[in-house]
Amino acid sequence: MKNYFQASPENSYHISLGAIIFNKDRTKVLCHFIKEYKGYKNLYLLMRETINPNETFEIALKRGCLEEFGAQVEIKHFIGSIVVKDNWFGEIGKEIEVEKTTLYFECALVDQDDSKRVDDGTIESKSELVWIEPEELIQKMTEFFDSYGINNLNESEIIKRVLN
C-alpha cells in the first residue's frame, strides 16, 4: 500500500509525529544521542515517526516511541508543529526538495525497556538513549544547528514551547 504520508519522487510532502517524553517528575527528556554520523557530531534527536496508511496519530506515536525508545507512553497533549523545507534523498538516492511537517506531542513515560527497541537499520535504532534536562537539550540542539544548519534537526523551539 502506498504511504501518502511519506515523501517520494512523486510527492514532495512528508508528515511525521514527534514525541517529547518526560520522566515522572518532568525534569528530564528522553532522546537519541548519536556521537557521529556522516560527518556530523553530537546529534540529539527527539522521537519522530512517519505515519503508516490507515494508522491514527495515537497509534503511530505510540508505535514510534516503542520502536525507537522501547518506551510505552501516555500522550498528554499536542504541542504544535515544525514545518521545514529540506533536501531528501530517500530510497532512490536522488535528491528532491521536501516540505516536512512534524506534529509534536508531550508524552509521559509509562515504561521503558531497551530490549523492545526495533533495529530497522536507521541511525535512530543504533543511537544511545539518554535522559537530559530540557534546557541542556535545547542548548545542544541549538549548537548543532548553528554548526551544521540542518533545518529538520532543530527541535529546540518545540522543546521551549512545552516548557512554557
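Everything in the sequence shown is counted per full-length UniProt numbering, starting at 1 for the first residue and increasing by one. Even for Gly, the Cβ is constructed at its ideal location relative to N, Cα and C. Computed from a predicted structure; not experimentally measured.
At the C-beta level, R117 and E74 stay beyond 8 Å of one another. The C-alpha of K62 lies about 22 Å from the C-alpha of L137. With 16 or more other Cβ atoms from the protein chains shown falling within 10 Å of its own Cβ, G18 counts as buried. The continuous alpha helix (DSSP H) containing V162 extends over residues 156-163. K85 is bridged by DSSP to E99. DSSP, read as helix, strand or coil, puts A19 in strand. With a threshold of 16 other beta carbon atoms within 10 Å, E135 falls short and is exposed.
The straight-line gap separating the alpha-carbon atoms of D113 and E95 is approximately 36 Å. By the C-beta criterion, the stretch 35-52 is judged not to be in contact with the stretch 77-88, since fewer than 3 inter-stretch pairs fall below 8 Å.
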